[in-house]
Amino acid sequence: MEDKLLHAVLSSIDSHREEMLNLWRKLVEIEGDITNKAGTDQIARTISDLLANWEVPSSIISMERAGNSLAAEWGVRHPEPPVLLMGHMDTVFPKGTLAEIPFRIEDSKAYGPGVLDMKGGLVIALYALRALMDAGYDRRPIRIAFSGDEEGGHQYTCERSRELFETGAKGCRAAFNFETGLLSGDVIVERKSAVRFRCTVKGVGSHAGLAPEKGRSAIREMAHKVLAFEALNDYAAGTSVNVGVISGGSVPNAVPAECVSMLDVRASSQAEAARVQEEIHRIADTCYTRDTVCVLETINPRPPMERTEGVLELHSHVAQAARILRLETPQPVAAGSWSDSTFVVASGVPAICGFGVRGEWNHSKQEYALVDSLFERCKLAAVTILTL
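Counting from 146, one number per residue, gives the positions in the sequence shown under this note's numbering.
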């Protein structure tokens with residue numbers, strides 16, 4: 146790596162510190178959750194306008210029921226395979242939260258709805274790009290893919306959101322997801338798969354006093370299935386099956402004709418995910434109570450982010466960049482939650498996740514981020530790209 150190029154990248158980030166803080170505040174002060182499409186769309190327009198000012202082509206991808214997505218690419222004629230910078234623009238906080246917890250900086254910590262998850266990460270990604278542009282970097286195109294409804298699990302845009310990231314990652318050397326950074330400074334190289342199931346049992350309704358023998362209890366059948374579903378838990382193997390919601394029946398004196406449960410299923414590998422899902426289908430197809438019928442629906446399946454050789458090799462570049470910057474080396478760790486990095490790694494492109502600002506308590510009103518990590522992580526991202 147040329148010292149001149151390195152110096153130019155770091156100088157750019159240092160010279161834009163005030164701009165980065167201002168953009169961070171601006172994005173936090175635009176509220177956008179799954180129920181507030183207009184707010185998330187405004188964030189997409191704000192980022193698109195910023196990129197236009199930098200003469201970086203971008204496009205806003207319109208979504209009917211969810212926040213819009215954004216895609217961009219700079220340096221399309223650069224000779225080597227691209228790098229993808231990815232993230233999401235929405236938060237979990239409903240409109241009105243900002244009035245209760247406005248953006249503020251106290252004791253080197255920034256507060257506000259989405260300040261950690263993940264408005265700070267968006268700023269890091271954008272100004273890492275800006276630093277490479279300012280330095281005259283000309284090796285790889287830099288792509289951006291930001292979704293508008295990640296916190297809702299892409300429930301309205303599942304296939305289109307997956308396509309956003311898989312298309313953005315196609316042919317890439319690497320991807321970096323600027324999701325919530327861990328307080329420890331470590332980065333995420335492994336995430337579990339995530340899939341939800343809706344299990345509906347149809348029984349036979351009847352009066353519980355006059356003709357109970359004519360009824361076929363959907364709740365009784367579901368009780369057998371719930372015990373069988375949860376028996377699939379294998380925490381040592383990283384497998385979890387949680388029946389988190391259950392509803393059925395109407396009144397105590399009626400044999401329930403219907404019962405519905407919702408399952409959350411996670412696994413650490415593609416093979417284990419396939420095995421557990423096969424078992425769930427087997428249980429759903431097993432009739433424990435005669436004359437009952439079960440329908441199982443799969444909702445938003447997401448593959449695991451596996452700790453592949455390519456992911457670990459990419460982590461070695463992060464470690465190299467940390468040494469160059471004289472930072473403590475971020476360790477490669479696993480997380481039980483999912484992110485859009487799973488789509489990228491499953492498509493064959495190595496990715497590092499959790500590259501955003503460091504902090505804790507995301508998804509709560511106590512959420513905060515360390516201000517200095519905004520600049521530290523921006524430098525780490527840009528220098529990591531230089532090492533590729």
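Heads up, the beta-carbon is just placed ideally off N, CA and C, and yes, glycines get one too.
Here H299 is buried, its C-beta having at least 16 other C-beta atoms within 10 Å.
Membership of D409 in the beta strand (DSSP E) is indicated by the continuous run 403-412. In terms of Cα proximity to A217, the closest of V237, A189, E209 is A189.
DSSP places G504 in the strand class (E or B) of the three-state scheme.
Excluding residues up to 5 positions away in sequence, V346, G348, C404, C432, Y433, T434, T437, C439 lie with their Cβ nearer than 8 Å to the Cβ of E366 in the same chain. Taking a C-beta distance under 8 Å as the contact criterion, A314 and L261 do not qualify as a contact pair. Judged by beta-carbon spacing, L328 lies within the 8 Å limit of G504, meaning their Cβ atoms are closer than that value.
In the structure shown, the three-state DSSP call for N167 is helix. Put simply, of I469, A280, M450, R468 the residue whose alpha carbon is nearest the alpha carbon of V478 is M450. Take the alpha-carbon of A491 and the one of E324: they are about 18 Å apart.
Here I246 really is in contact with G257; their C-beta atoms are around 6 Å apart, less than 8 Å. E335 is the residue among E335, A526, D279 whose C-alpha sits nearest the C-alpha of A480.
Rounded to the nearest whole angstrom, the C-alpha separation of L470 and I269 is 16 Å. When the beta-carbon positions are compared, D194 and N213 stay at least 8 Å from each other. With a cutoff of 8 Å on beta-carbon distance, I364 and G394 are scored as near each other. Here the alpha carbons of P446 and V201 stand approximately 33 Å from one another.
In summary, H460 is buried, with 16 or more beta-carbon neighbours lying within 10 Å of its beta-carbon over all protein chains present.
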